[in-house]
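**Q** Residue numbers (the working numbering): 1 to 327.
Every residue gets a Cβ at the ideal spot worked out from N, C-alpha and C, and that includes glycine.
Given the structure is predicted, the values throughout are model-derived calculations rather than measurements.
Below you will find the structure I want to go over with you.
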Amino acid sequence: MRSFFIIVNPLARHGQAAKIWEQVQNVLDSRNVDYEAHLTDHVGHTQQFIHLKFSKMSPEKAKNYVVLVVGGDGTLNEALNSIKKEAAIEVPLAFIPVGQNNGFAKGIGLSADPLTALEQVLTATEPVYYDIGEYQETTHNEQGYFLNDFGIGLDAYATSLNANAHKHVRLKKFLLRARLRFLVYLINIFTAFLNQEAFAVTLRIGDKYEFFKHARLVNVANHPYFENGIVLSPAADVNDHQLDLIIADNLGFFKFLLLSIAIYFKKQLKLPYLHHYKDKNIHLIINSLEYGQIDGEEVGSKYYDIFFGSSKYPFWLNIQGVPVAKR
């Protein structure tokens, strides 16, 4: 059994993650699992912990470790990017989903129950590889990795609104307290639609160029699931070594309503104004300031000249270690 370097975000799921971590810790102690744990309290804290642990560690020693994240997709994303930046090797990642959306867990079949997911981690004996997305943005000289998706436009605008829902109108606060986050998301996506202006997109895949003059939604996905379990890219797969791109063009009000209904029934790829592409390499150019989001975390408004690719990363998980009925 490898040693676990554990990153815990106790603030995930509105602070419920702290209690979940106590349960996880009790299981680890009862099984005499070798681990060291660190609790984060701000964005960037995960990278600090991984830097201190792995930046000067030899590849031979790093092979004895697994980085286990107890948190949401944002913490998992930060851990992935930190390992790629700081460690000498690709240290396997494990994950106990305790966030609001847990899209990557859904995408690979990891249990939504924390203790069941822990069992899927502890029964692993070797790493298993899943696809991750990678990007290089030349305008701002930025590069990184994502597990779920990279969105520009409508979905990113909604993500920004969703991240700040607790600061706004009383109705949203009531829905959050009532645990009706899906309705909060519907309100935010509609608000985003009303405010998101159409923008031009240049797409290059291989030697082929396509141009869209009135796009509102651009999303590059690694698996099907978006926020709140919504299936945004139904053809995406973490094992096909490709990324799925959807572009919604000429999206008027009635087309937006039809798209919303189609997404509910997972039939959106049949709509003629929703353009779908699947490839390992994608190049997008957007010459207007547009909202962006990566794995559900807002990244502000910017221009884009961005290259996307797909690669594999090791995860310390045994998805089949727990029967389907118990996941």
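In chain order, what residues of the same chain have a beta carbon less than 7 Å from the beta carbon of Tyr-65, not counting five sequence neighbours either side?
**A** Closer than 7 Å at the Cβ level, and outside the excluded window around Tyr-65, lie Arg-2, Ser-3, Phe-5 and Val-91.
**Q** Going by the CB atoms, is the gap between Leu-203 and Ala-221 shorter than 8 Å?
**A** Not closer than 8 Å, so no.
**Q** Buried or exposed: where does Leu-76 fall if 16 or more other Cβ atoms within 10 Å of its Cβ makes it buried?
**A** Buried, by the Cβ-count rule.
**Q** If we call anything under 8 Å between Cβ atoms a contact, is Phe-308 one with Gly-133?
**A** Contact: yes.
**Q** Comparing alpha-carbon positions, which option in Lys-270, Ile-294, Val-201 and Glu-22 lies nearest Thr-159?
**A** Measuring from the Cα of Thr-159, the nearest candidate turns out to be Ile-294.
**Q** So the candidates are Gln-196, Asn-239, Glu-227 and Asn-32; which of them puts its Cα closest to the Cα of Asn-102?
**A** Looking at the Cα atoms, Glu-227 is the closest of the given residues.
**Q** Could you check whether Ile-89 and Pro-127 sit closer than 8 Å to each other, using their CB atoms as the reference points?
**A** Cβ atoms of Pro-127 and Ile-89: not closer than 8 Å.
**Q** Can you give me the C-alpha to C-alpha distance between His-399 and Tyr-209, rounded to a whole angstrom?
**A** Outside the displayed span of the chain (1 to 327) sits residue 399, for which this structure offers no information.
**Q** Reducing DSSP to helix, strand and coil, say where Asn-134 ends up.
**A** Reading off the sequence, residue 134 comes out as Glu, not Asn. The answer is strand: DSSP assigns Glu-134 an E or B state.
**Q** Rounded to a whole number of angstroms, what is the C-alpha to C-alpha distance between Leu-194 and Arg-216?
**A** Each residue's Cα considered, the two are about 11 Å apart.
**Q** Distance, Cα to Cα, Ser-55 vs Ile-108?
**A** Ser-55 and Ile-108: Cα-Cα distance of roughly 29 Å.
**Q** If distances are taken between C-alpha atoms only, which option among Glu-197, Lys-63, Asn-32 and Gly-300 comes closest to Phe-253?
**A** When each option's Cα is compared against that of Phe-253, the closest is Glu-197.
**Q** Under a three-way DSSP split, which group does Lys-312 fall into?
**A** Strand at Lys-312.
**Q** Out of Ser-82, Val-33 and Leu-115, which has the shortest C-alpha to C-alpha gap to Lys-53?
**A** Of Ser-82, Val-33 and Leu-115, the residue nearest in Cα terms is Ser-82.
**Q** Kindly provide the ranges of any alpha helix (DSSP H) runs that are 4 or more residues long and lie completely inside the segment 43-89, ordered along the chain.
**A** Qualifying alpha helix (DSSP H) stretches, in chain order: 45-54, 59-62 and 73-86.
**Q** Would you decide whether Pro-272 is buried or exposed? Buried here means 16 or more other CB atoms lie within 10 Å of its CB.
**A** When all chains shown are included, Pro-272 counts as exposed.
**Q** Let me check one thing: in DSSP terms, what residues is Asn-219 bridge-paired to?
**A** Asn-219 pairs with Gly-151 and Ile-246.
**Q** Taking its Cβ as the centre, do 16 or more other Cβ atoms sit within 10 Å of Leu-289, making it buried, or is it exposed?
**A** Exposed, by the Cβ-count rule.
**Q** If you draw a straight line from the C-alpha of Leu-147 to the C-alpha of Arg-31, how long is it?
**A** So the alpha carbons of these two residues sit roughly 30 Å apart.
**Q** Ignoring anything shorter than 3 residues, give me the beta strand (DSSP E) runs that lie fully in the segment 236-281, in order along the chain.
**A** List check, beta strand (DSSP E) in window: 243-249 and 274-279.
**Q** Measuring straight from C-alpha to C-alpha, what distance separates Leu-243 and Asp-279?
**A** One C-alpha to the other measures close to 6 Å.
**Q** Excluding the 5 residues flanking His-168 on each side, which residues of the same chain have their C-beta closer than 6 Å to its C-beta?
**A** Per-residue confidence for His-168 stands at a pLDDT of 47, beneath the threshold of 50, marking its modelled position as unreliable; the derived number appears in the next sentence. So no residue of the chain qualifies.
**Q** Looking at the structure shown, is Arg-2 part of a helix, part of a strand, or coil, going by DSSP?
**A** Three-state DSSP puts Arg-2 in coil, outside helix and strand.
**Q** For Ala-18, does the three-state DSSP call read helix, strand or coil?
**A** Helix at Ala-18.
**Q** Could you tell me if the beta carbon of Ser-310 falls within a distance shorter than 7 Å of some heavy atom in the ligand SAH?
**A** In the structure shown, the ligand SAH is absent, as is every other ligand, since no ligand is present at all.
**Q** Does the beta-carbon of Ser-111 have 16 or more other beta-carbons within 10 angstroms, so that it is buried, or is it exposed?
**A** Buried: at least 16 other Cβ atoms inside 10 Å.
**Q** Quick check: what's the CA-CA separation for Gln-22 versus Val-69?
**A** The amino acid occupying residue 22 in the given sequence is Glu; Gln does not appear at that position. Distance between the alpha carbons of Glu-22 and Val-69: 14 Å.
**Q** In three-state terms, what does DSSP make of Arg-13?
**A** Three-state DSSP puts Arg-13 in a helix.
**Q** State buried or exposed for Pro-10, treating a residue as buried only when at least 16 other CB atoms are found within 10 Å of its CB.
**A** Label assigned to Pro-10: buried.
**Q** Where do the ends of the beta strand (DSSP E) carrying Phe-146 lie?
**A** Looking at the DSSP string, the run of the beta strand (DSSP E) that includes Phe-146 is 142-146.
**Q** Restricting to Cα atoms, I'd like to know which of Leu-274, Trp-316, Leu-317 and Ile-306 is closest to Glu-142.
**A** When each option's Cα is compared against that of Glu-142, the closest is Ile-306.
**Q** Tell me whether Ile-285 sits in a helix, a strand or coil according to DSSP, three-state version.
**A** Three-state result, Ile-285: strand.
**Q** Using only CA atoms, which one of Val-24, His-223 and Pro-323 lies nearest to Asp-131?
**A** It is His-223.
**Q** For Pro-97 versus Ala-117, is the C-beta distance shorter than 8 Å?
**A** For Pro-97 and Ala-117, yes; Cβs fall inside 8 Å.
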